[in-house]
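Colleague: First the structure, which I've put down as structure tokens, then a few questions once you've had a look.
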Amino acid sequence: MAAAAMVSLQATLVSPVMAQASAIPDPVLTKAGNDYLSFGWISFSSKPMLQYGPSATGPFTTTYPSGTSGTISGLQPNTTYYVRLTGLPGQYETYGKVLPFKTAGALPVVPAPTLSQATPNALTLSWAPYTGANNYLVNWRLTPTGANTEVAASANGVTLSGLTPNTSYEVQLVARQLGAWAYASNYVKFTTAAAYAPPTLTASALTTAPNINVPVINLSWTAYPGATSYDVSPYLDAQGTVATDWSKWNYARSPSNPARNMATTTETVSYLSGTPSKVMYARVVAYGPPIQANGFPTALSSSALVKIDFTTAAPAPVAAPAPVAAPAPVVTWTALPGAAKDIGAGGASNGLWVVGTDAVQPNGFNVYRWANNTWQLVPNTGAVRLDVDAQGNAWTVNNKGAVQRYDGAKWVAVPGVTASDIGVGANGTVWGLGATLDGNGNYVIYRLNGTSWVQMPGQAVRVDVDASGNAWVVNKAGDVFRWNGSTWVVVSGVKARDVGVGADGSVFVLGTNDKVYRWSGSAWVVREGAAMNISVSATGVPYVVNAPGTIFLGVK
């Protein structure tokens, strides 16, 4: 990903070789980079050609600048090239002087990131800001020949999450000045921590219980790394049948605590007289970051079941297999009001837009934006597909393939392409798919370059864009690909129909079986639920629309 360093150097002009009489002016060096040379010259009547070669006698490679300046790129660092201007006054070439110019030295290397913290599922890395850079990426891979995963980073650090315990990862820092240059560090290896052991729950009888005239048991457990709170739940038997009748025992606190804000590692429970049994079972669950969309913390791990016997002084633990680390939390879905054909999420303000189910002539269906806990119509347009940019504004495609973007007050046409789908990255990069199917059922792929749409390699049926401006696409065959800046890289392991990418690097797809999958960085992990269209917010929260048009909010 290295690009030319923007280093302004003065090339030492060696004495001219092959000086020859000519009306063609001499090229004047204006800037010398590591892999390019830029020149200016006095205007002359002929059409200019800028030629360069490895020696004064050639062979020469010809470039065709316009006006009175030009740049020769793709050169080697610290190398002398012989350059001349050539004119075409008619059918005869007129040559200027052949002059030597030298490129700048080798490309600089960004210092590698350092490890700040390693947990079983995350690596926190840090670095000093690189002079002149205004954008940073981190690439990580499992092996030197493995696929790279790009993650957007701040100027001084990043946390890579969703990793596998006790696993080595190769990491590279890329410092960029957008639109100008990008430098990369060498790959360095970091290893995640081993999986933490689940908390161990024990129960013991209390010999004294002031003001409680019933048997009392004290529960205690080992702390779990990273946990900020714990919750103790009762069960009816050793098989884990959930106790729905909470009156069978009494907590020292309220037994139902949806915020799970008990931060201690002890709990006192007492037996209530008149209940049918004096034997219960308990399990402790450790909770911690990240906070889910419903406001609850994430379940990190849980203990084995422990027997709570109010009739004995020494409760015995339930015989159970060796505890294993708790699985990742299952995604749960919350239905939102309204109905939709498509959905888009994005932006720091968590912008959320949908294509409604109510038709509007002649361009498709009405477009709505979520605001003040309701769907608000955004008039004067119609659409069939949409996505949301970093400002929380929608980009749409209507049923005629016209592209529009909302600027916060009105709809603005984006001409130059007839599209079937649109994707916008957190850095503002826009990709689209054409509207004419090829023989395999795919559309051509475009990227918006300023005001022009540039056709890219490959074909696809759905597209979204990551925080680095690189597209993720799904083709008609269900294959998933990501653009690495120069070519398409297959992301195997699933057959998909739609893809959504969050600004935090989270990637979700909908399988051809309609199931929801999340990319762990090395594999597709099936999640709860089924849907037809998907989008991912800036914080990695999935939103979907199912076949009947119901809108759901998921959990990262």
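Going by numbering that gives the first Met the number 0, the sequence shown opens with residue 0, and the numbers climb by one from there. Beta carbons are placed, not taken as given, at the ideal position from N, Cα and C, and that holds for glycine. Nothing here was measured: the structure is a model prediction, and the numbers come from that model.
1. Is it a yes or a no for the region 113-127 touching the region 441-460, going by three-plus beta-carbon pairs under 8 Å?
2. From T70 to G424, what distance separates their C-alpha atoms?
3. Could you spell out the range, first to last residue, of the beta strand (DSSP E) harbouring W126?
4. T158 by DSSP, collapsed to three states: which one?
5. So, does the region 454-469 touch the region 413-432, judging by three or more C-beta pairs under 8 Å?
6. CA-CA distance, D513 and V479?
7. Check whether the Cβ atoms of V359 and K340 lie closer than 8 Å to each other.
8. Using beta-carbon positions only, say whether G431 and V416 come within less than 8 Å of one another.
9. What are the residues that DSSP puts in a beta bridge with N439?
10. Assuming I421 is part of the beta strand (DSSP E), what are its boundary residues?
11. I need the straight-line Cα distance from Q291 to K101, nearest angstrom please.
12. Report the three-state DSSP secondary structure of S491 (helix, strand or coil).
13. Provide the residue span of the beta strand (DSSP E) that contains D386, from first to last.
14. Please classify L87: is it buried, with 16 or more other beta-carbons within 10 angstroms of its beta-carbon, or exposed?
15. For a test of the three-state rule: what should DSSP assign to T56, helix, strand or coil?
16. Have a look at V490 and G104 and give me their C-alpha separation to the nearest angstrom.
17. Where does G480 sit, in a helix, a strand or coil, going by DSSP?
18. Quick check: the Cα distance between Y51 and G66, rounded to an integer number of angstroms?
19. Which of the three DSSP states is assigned to Q238 in this structure?
20. When the distance is taken between beta carbons, is A334 closer than 8 Å to F551?
21. Roughly how many angstroms separate the alpha carbons of A192 and G407, rounded to a whole number?
22. Check D503 in the structure and name its three-state DSSP category.
23. Indicate the three-state DSSP secondary structure (helix, strand or coil) for T67 in the structure shown.
24. Out of N77, T264, A303, S505, point me to the one whose CA is closest to A237's CA.
25. Below 8 Å between beta carbons: does that hold for V283 and Y182?
26. Could you pull the start and end residues of the beta strand (DSSP E) that Q458 belongs to?
27. Once you ignore the five residues that flank Q176 on each side, which residues in its own chain have a CB closer than 8 Å to its CB?
28. For R83, which option in L136, T265, K96 has the closest C-alpha, if you only look at C-alpha atoms?
29. Would you report the Cα separation of K555 and P378, rounded to the nearest angstrom?
30. With distances taken from CA atoms, which of V383, G391, T61, P26 is nearest A401?
31. If you reduce the DSSP assignment to three classes, tell me which class N212 lands in.
32. I'd like the list of long-range same chain contacts for S37, defined as Cβ closer than 6 Å, with 5 residues on each side in sequence excluded.
Modeller: The answer reads as follows:
1. Two segments are said to touch when three or more pairs of C-beta atoms, one from each, lie closer than 8 Å; by this definition the region 113-127 does not touch the region 441-460.
2. Spanning the two alpha carbons is a distance of roughly 31 Å.
3. W126 -> no beta strand (DSSP E), and no H or E assigned at all.
4. Strand at T158.
5. The answer is yes - the region 413-432 touches the region 454-469, with three or more Cβ pairs under 8 Å.
6. Going by the C-alpha atoms only, they are around 15 Å apart.
7. The Cβ atoms of V359 and K340 do not sit closer than 8 Å to each other.
8. In this structure, the beta-carbon distance from G431 to V416 falls below 8 Å.
9. Bridge partners of N439: none, in fact.
10. I421 -> beta strand (DSSP E) spans 418-423.
11. Answer to the nearest angstrom: the Cα atoms are 57 Å apart.
12. Look at S491 here: in three-state DSSP terms it is coil, with no helix or strand label.
13. 384-387 is the extent of the beta strand (DSSP E) around D386.
14. By the beta-carbon neighbour count (other beta carbons within 10 angstroms, threshold 16), L87 is exposed.
15. T56 falls in the coil class under three-state DSSP.
16. Answer to the nearest angstrom: the Cα atoms are 37 Å apart.
17. For clarity, residue 480 is Phe in the given sequence; the question names Gly instead. In this structure, F480 counts as strand in the three-state DSSP scheme.
18. Cα to Cα, the separation comes out at about 18 Å.
19. Three-state DSSP puts Q238 in coil, outside helix and strand.
20. A334 sits close to F551, with the two beta carbons spaced by under 8 Å.
21. Straight-line Cα distance between these residues: approximately 46 Å.
22. In the structure shown, D503 adopts coil according to DSSP, grouped into three states.
23. Here T67 sits in coil by DSSP.
24. It is A303.
25. No, these two residues do not count as a Cβ contact at 8 Å.
26. Per DSSP, Q458 is one residue of the beta strand (DSSP E) stretching across 451-459.
27. Around Q176: M5, G131, A132, N133, N134.
28. Closest option to R83, Cα to Cα, is K96.
29. Rounded to whole angstroms, K555 to P378 spans 32 Å at the Cα level.
30. The residue from V383, G391, T61, P26 with its alpha-carbon nearest to that of A401 is V383.
31. In this predicted model, N212 has a pLDDT of only 41, less than 50, meaning its place in the structure is not dependable; the value taken from the coordinates is given anyway. Coil, per DSSP.
32. Once the five neighbours on either side are set aside, the close Cβ partners of S37 are T29, K30, T70.
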